[in-house]
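Engineer: Here it is, the structure, as structure tokens.
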Amino acid sequence: MIAQPLTDFSRLSINDATTKVQWTLEEEIRGYADMGIHGISIWRDKLEACGVSKAAQLLRDNNMTVTGVCRGGMFPATTREARKAAVEDNWRAIDDAAQLNAQCLVLVVGGLPEHSKDIAGARQMVLDGMHGIVEHARQAGMPLAIEPLHPMYAADRACVNTMGQANDLCDVLGEGVGIALDVFHVWWDPELKKQIQRAGKERLLAFHICDWRMPMSDMLLDRAMMGDGVIDIPLIRSWVEAEGYQGFHEVEIFSADHWWKKPAEEVLQVCKERYLTVV
12 MIAQPLTDFS RLSINDATTK VQWTLEEEIR GYADMGIHGI SIWRDKLEAC
62 GVSKAAQLLR DNNMTVTGVC RGGMFPATTR EARKAAVEDN WRAIDDAAQL
112 NAQCLVLVVG GLPEHSKDIA GARQMVLDGM HGIVEHARQA GMPLAIEPLH
162 PMYAADRACV NTMGQANDLC DVLGEGVGIA LDVFHVWWDP ELKKQIQRAG
212 KERLLAFHIC DWRMPMSDML LDRAMMGDGV IDIPLIRSWV EAEGYQGFHE
262 VEIFSADHWW KKPAEEVLQV CKERYLTVV
């Protein structure tokens, strides 16, 4: 299957990390809408600075859809008290996401606890933590989107690193749990197509796009604009959409030395151009 060409911006969303430095959340909501972009994914630090109630009103006033709230997760910890605190923080994140009518709460599940080398134990803590929040999420009507991160982040950010691992968690946790697929993190996986098919429409909650630069100067803060790297984004999009995914395509670019140094309007204009030509 070949991905159908994109002809408008009705399914374009911007993760506000893409304009992290340039704009506040209020400026992002108004600025994205002014440029004809009506999808936004919001990081919790910006949400806290703005205030949830104010943000919700701004989103309504500007006809914005919240494609995700970033982030929940970060479950593994060295003490029972810290793991309990993580669960309680996720409850708050679920409530905030529900107030914004977000399409999902994205979970970056967390890496190894301090001084630990037990990745299997960390993954068990992730499962235990998710058991502690899934019922709260169901009651709030907030889907939980596990985001598998590239293995280079296994130690510090996410010990769930493949779509297969995310699907395994979904199998155990059941209703209300799905996956946020970020091409940056999973493009390399030889089982990617198979695991997308395994996930199917019900589990594919979010689709994040950017590109993998060669060479990369920083493993966190040097993501490339779509078309400036090695990821076959249209191919992966075709696999996702073959399963029935018709949601937003969310641009998420961490770029300390390049895109964060440019005016937000310029970044967004390039996002729009590349969206129609290379995605």
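Each number in this note's numbering corresponds to the 1-based position in the sequence shown with 11 added. Note that CB positions come from ideal geometry on N, CA and C, so glycine has one too. Note that the coordinates shown come from a computational prediction; the quantities given were computed from them, not determined experimentally.
1) Spell out the partners DSSP gives Phe218 in its beta bridges.
2) CB-CB under 6 Å to Gly121, same chain, minus the five flanking residues each way: which ones, in chain order?
3) Is the beta carbon of His147 less than 8 Å from the beta carbon of Ile105?
4) Check whether the Cβ atoms of Gly189 and Pro159 sit closer than 8 Å, and answer yes or no.
5) Select from Asp129, Gly187, Leu138 the residue whose C-alpha is nearest the C-alpha of Gln150.
6) In the DSSP output, what is Ala235 paired with across the bridge?
7) Applying the 10 Å Cβ sphere with the 16-neighbour rule, what's the burial state of Trp250?
8) Classify Gly22 as helix, strand or coil using the three-state DSSP reduction.
9) Residues in the same chain with beta-carbon distance under 7 Å from Trp34, minus the five sequence neighbours each way, listed in chain order, please.
10) Closest to Glu284 by CA distance: which of Glu38, Val32, Ile48 is it?
11) Pick out whichever of Asp243, Thr173, Ile264, Cys282 has its Cα sitting closest to the Cα of Arg134.
12) Does DSSP put Trp54 in a helix, in a strand, or in coil?
13) Determine contact between the stretch 61 to 73 and the stretch 92 to 105, defined as no fewer than three beta-carbon pairs at a distance below 8 Å.
14) Would you check if the distance between the CB atom of Cys221 and the CB atom of Phe259 is smaller than 8 Å?
Structural biologist: Here's the rundown:
1) As a first step, residue 218 must be located in the sequence shown, where it is residue number 207. Note: Phe218 sits in a beta bridge opposite Leu192, His260.
2) Here residue 121 refers to the residue found at position 110 when the sequence shown is read from its first residue. If we look at Gly121 and ignore the five residues flanking it on each side, its Cβ neighbours are Gly84, Met85, Phe86, Pro87.
3) Here residue 147 refers to the residue found at position 136 of the sequence shown. Here residue 105 refers to the residue found at position 94 of the sequence shown. Taking 8 Å as the Cβ cut-off, His147 and Ile105 qualify as a contacting pair.
4) Here residue 189 corresponds to residue number 178 of the sequence shown, with the count starting at 1. Here residue 159 corresponds to residue number 148 of the sequence shown, with the count starting at 1. It is not a contact, given that the beta carbons lie outside the stated cut-off.
5) Looking up residue 150 in the sequence shown gives position 139. Selected option, being the one with the closest Cα: Gly187.
6) Numbered from 1 along the sequence shown, position 224 holds the residue referred to as residue 235. BP columns for Ala235 point to Asp222.
7) For this step, residue 250 is matched to residue 239 along the sequence shown. Counting Cβ neighbours within 10 Å, Trp250 comes out buried, since at least 16 surround it.
8) Locating residue 22 in the sequence shown gives position 11, counting from the first residue. For clarity, residue 22 is Arg in the given sequence; the question names Gly instead. Reduced to three states, the DSSP call for Arg22 is coil.
9) By one-based count along the sequence shown, residue 34 stands at place 23. Contacts found: Gly42, Ala275.
10) What you label residue 284 is simply residue 273 of the sequence shown in a count that begins at 1. Ranking the options by Cα distance to Glu284, first place goes to Ile48.
11) By 1-based counting over the sequence shown, the position of residue 134 is 123. The candidate whose alpha carbon is nearest that of Arg134 is Thr173.
12) Numbered from 1 along the sequence shown, position 43 holds the residue referred to as residue 54. Three-state DSSP puts Trp54 in a strand.
13) no
14) Residue 221 sits at position 210 when you count from the first residue of the sequence shown. Residue 259 sits at position 248 when you count from the first residue of the sequence shown. It is not a contact, given that the beta carbons lie outside the stated cut-off.
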